[in-house]
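*Asks:* For the record, in the sequence shown the residue sitting at position 416 is 472 according to my numbering, with numbers rising by one throughout.
Note that beta-carbon positions come from the ideal geometry of N, C-alpha and C, so glycine has one too.
Just passing along the structure, written as C-alpha cells.
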Amino acid sequence: MRGSQKRIGLLLLASLALGLRVWVVGALTTDHQRPLAYEHGQIAENLLAGRGFSIEFLGTEGPTSQQAPFYPLLLTAAWWWFGVATPQAILAVQLLQCLAGTALVLAVVWLGWSLMPDRPSVGWVAGLGAAVYPTHLYMVTHLQVALWAALLLTLLLATVLSARWRATWGGAALAGTMAGMLLLVEPILVLALPVCVIAFWLAEGTPSWIGWFSRAAAVRVALMVGIAAAVIAPWIIRNCRVHGEPVFIKSTFGYAFWQANNPISWGTDKIPKPSAEPLRHRHDGSLAGMDRALREARHEALYIDDVLLKPQGYGEFTGLSEPQRSRLLGRRAWEFIRANPWQYAGLCLQRLQYFLLFDETNPKAANRLYRIATVTWLVLASIGLLVSLPRWRALWPTYVIGAAVVAFHTLVITSVRFRIPIEPTTFVWAACAVAPPVSRLMWRRQRIRIYRPGEHPHDPLSPPHILQGPHYDVPARRRVG
Numbered sequence: 057m058r059g060s061q062k063r064i065g066l067l068l069l070a071s072l073a074l075g076l077r078v079w080v081v082g083a084l085t086t087d088h089q090r091p092l093a094y095e096h097g098q099i100a101e102n103l104l105a106g107r108g109f110s111i112e113f114l115g116t117e118g119p120t121s122q123q124a125p126f127y128p129l130l131l132t133a134a135w136w137w138f139g140v141a142t143p144q145a146i147l148a149v150q151l152l153q154c155l156a157g158t159a160l161v162l163a164v165v166w167l168g169w170s171l172m173p174d175r176p177s178v179g180w181v182a183g184l185g186a187a188v189y190p191t192h193l194y195m196v197t198h199l200q201v202a203l204w205a206a207l208l209l210t211l212l213l214a215t216v217l218s219a220r221w222r223a224t225w226g227g228a229a230l231a232g233t234m235a236g237m238l239l240l241v242e243p244i245l246v247l248a249l250p251v252c253v254i255a256f257w258l259a260e261g262t263p264s265w266i267g268w269f270s271r272a273a274a275v276r277v278a279l280m281v282g283i284a285a286a287v288i289a290p291w292i293i294r295n296c297r298v299h300g301e302p303v304f305i306k307s308t309f310g311y312a313f314w315q316a317n318n319p320i321s322w323g324t325d326k327i328p329k330p331s332a333e334p335l336r337h338r339h340d341g342s343l344a345g346m347d348r349a350l351r352e353a354r355h356e357a358l359y360i361d362d363v364l365l366k367p368q369g370y371g372e373f374t375g376l377s378e379p380q381r382s383r384l385l386g387r388r389a390w391e392f393i394r395a396n397p398w399q400y401a402g403l404c405l406q407r408l409q410y411f412l413l414f415d416e417t418n419p420k421a422a423n424r425l426y427r428i429a430t431v432t433w434l435v436l437a438s439i440g441l442l443v444s445l446p447r448w449r450a451l452w453p454t455y456v457i458g459a460a461v462v463a464f465h466t467l468v469i470t471s472v473r474f475r476i477p478i479e480p481t482t483f484v485w486a487a488c489a490v491a492p493p494v495s496r497l498m499w500r501r502q503r504i505r506i507y508r509p510g511e512h513p514h515d516p517l518s519p520p521h522i523l524q525g526p527h528y529d530v531p532a533r534r535r536v537g
C-alpha cells in the first residue's frame, strides 16, 4: 500500500472511531444522568478546596495514595476550568476520552504493523475491531482510568517493537517516558515493564547475539529504565513524606487483596443482591435504555466494605497510617487463605471466569450487548491466539503480558475494567485469524496473467512436464476405391 493510500486509510479509520465515540457520548449523556467520578472526583474536589491529594479511606480522611495521581489530576484540571462536576466539565473529559479512544485505535494499527510488518492487513483489521468494539465505545463515557491505561500500554508495546524505534536512543527515551506515565496511570501494569524492557533489549541482537551484550545496548536499556524511574520519582518522594515510608504509587494492594479473599467474598470487591437479576431484562433494547439499566445496576450490589467494615466503625484502624491499614487487611486475607486453601482455589477459578467472561457480582455485566461482545471477543481472540502461534517469536511479548495480567487478577482480585488494558493486544491476535479471509475477499485485487507456453514453472506444457514414454505412430487411413 502506498504512503498516500495508507494516510487516507488511517484518516478514515480515525474518523470512524472518533465519530462513533462522540455519537455514544451524545446519545448517553443527559443533564440528569451524569457518570460518577468515584474516588478520583473526590480527590479532585479536595485538591481544589485546598485539602491536598486526600480522601476519606477506611474511616480516616487525610492525604492518600489510594489512587494513582494521573486521573484525579486530570479531573482537577477539568473541575477547575469548567466547574466542579458540572455537565460542561464532565462533557469535556468525555470528549477528551473520545480523542484518547481514537488514538488507541491508531495505536492498535501501529502495534499490528510492528508485530507483523509483512502482513499489514493484520494491523488494519485489528484497528477496525478496536474502532467498533462496544465495550471500548462505552468506556469513553465513564470517568475511569482504564482507557488511558490501555492507550499507554499499547503505545509502549508498539514503540519497543517497531522497526523505527527499537534499538535507538530516541526509542529508549520515548519508551521510558511512556513506561513512567503508565505507572502513574495504573501501577499494576508494572507487570508489563520487564517484558517491554526485554523486548527492547532483544531488538539489539537482530543481526547476531553480539548486539545484546554491547555497551550501546546496555546504555540504551539503562536509559529507558532510568527515564521511567525519573518520571515516577516525584510521586514516590511525595508518598514517603506523606506516609513516612516508601509506597510504590498506590498503598492499597493489601486492601484490594482482602476485598476479594475473605469468608463472604465472591472473588471481587462486591456481593450481588438477588434484586440484580431482573436488570438484564430491564431495558427496551435502545442504547439509552441499556445505559439507564447499567446505571441502575450499580445500586444492586453490596460492597465488601459496607458489610464487613462499616458496621464496626473502622475502630480497628485507629492510629494506623494508610499503608499500615492496608497491610493489616492484607495479613487478614493471608490468614483466610492459609485456613481455607480450597476455598481460595475456588475463588481463583471464579475470578478467572469473571475476568474472561462475565463478572456475576457486577450487575452491569448482565447486559446482553456486553455479553455478546465479550463472547465474540473471547472466541476470536482464542482462535487468533492459536493461529498466531507460528509467529510466537514476534508476538511473545503480547503473550507474556496477557498471561501475567490474567494470572495477577486471578490470584488477587478482578473486575470488568481490569481486562480493558490488555484487550488491544488481543485484537491483534484476533486479526491474525480474521485478516487472511478478509484480505482475499476485499483487499487483494486478483489479476489474471496469461503465461506463454513454458513460461510458468508449473506449466503442464513446459518441457519438464511433457509426457515421457513410448509414442506410437498411427498409420494413415487408406482410401477405399
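Using CA atoms only, rank isn't needed, just tell me which of D415, V490, N423, W221 is closest to T466.
*Replies:* Considering only alpha carbons, the answer is D415.
*Asks:* Ignore the nearest five residues each way along the sequence and tell me which others in D515's own chain have a CB closer than 6 Å to its CB.
*Replies:* Interpretation of D515 is limited by its pLDDT of 46, a score under 50 that renders its predicted location unreliable; the figure taken from the coordinates is listed afterwards. For D515, where only same-chain residues beyond five positions count, there are no Cβ hits under 6 Å.
*Asks:* Consult DSSP for G65 and reduce its assignment to one of helix, strand or coil.
*Replies:* G65: helix per DSSP, three-state reduction.
*Asks:* So what's E112 in DSSP terms, helix, strand or just coil?
*Replies:* Three-state result, E112: strand.
*Asks:* Based on the DSSP output, what are the partners of G118 in its beta bridges?
*Replies:* Answer by DSSP bridge pairing, in chain order: I111.
*Asks:* Apart from the five residues just before and just after I209, which ones in its own chain have a Cβ nearer than 7 Å to its Cβ?
*Replies:* Correcting the residue identity first, residue 209 is Leu in this sequence and not Ile. Only L238, L245, A248, P477 meet the Cβ criterion.
*Asks:* Assign D325 to one of two classes, buried (16 or more other C-beta atoms within 10 Å of its C-beta) or exposed (fewer than that).
*Replies:* Buried, by the Cβ-count rule.
*Asks:* Pull up the CB-CB distance for L84 and A163, whole angstroms please, since I reckon it's below 8 Å.
*Replies:* Wrong, their Cβ atoms sit about 24 Å apart, outside the cutoff.
*Asks:* Looking at chain D, is there any beta carbon in it that lies within less than 8 Å of the beta carbon of R381?
*Replies:* The displayed structure is made up of one protein chain only, and chain D is not part of it.
*Asks:* What is the DSSP secondary structure of Y370, reduced to helix, strand or coil?
*Replies:* Of the three classes helix, strand and coil, the one that applies to Y370 here is coil, per DSSP.
*Asks:* In the structure shown, what three-state DSSP assignment does Y359 receive?
*Replies:* Three-state DSSP puts Y359 in a strand.
*Asks:* For K366, count the other beta carbons within 10 Å of its own beta carbon; 16 or more makes it buried, fewer makes it exposed. Which is it?
*Replies:* Counting Cβ neighbours within 10 Å, K366 comes out exposed, since fewer than 16 surround it.
*Asks:* What separation, rounded to the nearest whole angstrom, lies between the Cα atoms of E378 and R388?
*Replies:* Near 16 Å, if we compare the C-alpha coordinates of R388 and E378.
*Asks:* Which same chain residues, not among the five before or five after P243, have their C-beta less than 7 Å away from its C-beta?
*Replies:* So the qualifying residues of the chain are A124, F304, I305, K306.
*Asks:* What's the gap between the Cα of Q368 and the Cα of G375?
*Replies:* Near 16 Å, if we compare the C-alpha coordinates of G375 and Q368.
*Asks:* By DSSP, does P319 sit in helix, in strand, or in coil?
*Replies:* Coil, per DSSP.
*Asks:* Can you grab the Cα-Cα spacing for the pair C404 / Y127, in whole Å?
*Replies:* Distance between the alpha carbons of C404 and Y127: 29 Å.
*Asks:* Let me check one thing: in DSSP terms, what residues is P328 bridge-paired to?
*Replies:* According to DSSP, P328 bridges with A357.
*Asks:* Whose C-beta lies closer than 6 Å to the C-beta of S342 among residues of the same chain, with five residues either side of it excluded?
*Replies:* Low per-residue confidence applies at S342: pLDDT is 47, beneath 50, and the placement is therefore not dependable, though the value from the model is reported in the following sentence. For S342, where only same-chain residues beyond five positions count, there are no Cβ hits under 6 Å.
*Asks:* Taking the alpha helix (DSSP H) that W485 falls in, what are its first and last residues?
*Replies:* Unbroken alpha helix (DSSP H) run through W485: 479–494.
*Asks:* Straight-line CA distance for E333 to I254?
*Replies:* With a pLDDT of only 46 at E333, under 50, the local geometry of the prediction cannot be trusted, and the value read off the model is given with reservation. Each residue's alpha carbon lies about 46 Å from the other.
*Asks:* Hey, quick one: how far does the alpha helix (DSSP H) through Q200 stretch, first residue to last?
*Replies:* Per DSSP, Q200 belongs to no alpha helix (DSSP H) and is neither H nor E.
*Asks:* Taking Cβ to Cβ, would you say W545 is nearer than 8 Å to A437?
*Replies:* The question about residue 545 has no answer here: the residues shown for the chain are numbered 57 through 537.
*Asks:* Considering I428, what are the terminal residues of the alpha helix (DSSP H) in which it resides?
*Replies:* Note, I428: alpha helix (DSSP H), 424–444.
*Asks:* Less than 7 Å between C-beta atoms, sequence neighbours within five positions excluded: which residues of the same chain meet that for M195?
*Replies:* The answer, listed in chain order, is A202, L203, I476.
*Asks:* So, at 7 Å on beta carbons, what are the nonlocal neighbours of A159 in its own chain, with the 5 sequence-adjacent residues on each side left out?
*Replies:* Same-chain partners within the cutoff: L207.
*Asks:* Going by other Cβ atoms of all chains shown within 10 Å of its Cβ, with 16 needed for buried, is I288 buried or exposed?
*Replies:* I288 should be labelled buried.
*Asks:* Cβ atoms of F256 and R297: under 8 Å apart, would you say?
*Replies:* Not a contact, by the Cβ cut-off of 8 Å.
*Asks:* Roughly how many angstroms separate the alpha carbons of L76 and A273, rounded to a whole number?
*Replies:* Whole-angstrom Cα-Cα distance: 43 Å.
*Asks:* Straight-line CA distance for A450 to K329?
*Replies:* Approximately 45 Å between the Cα atoms of the pair.
*Asks:* Consult DSSP for P302 and reduce its assignment to one of helix, strand or coil.
*Replies:* The answer is coil: DSSP assigns P302 none of H, G, I, E or B.
*Asks:* In whole angstroms, give me the CA-to-CA distance for G323 and W390.
*Replies:* The alpha-carbon atoms of G323 and W390 are separated by roughly 14 Å.
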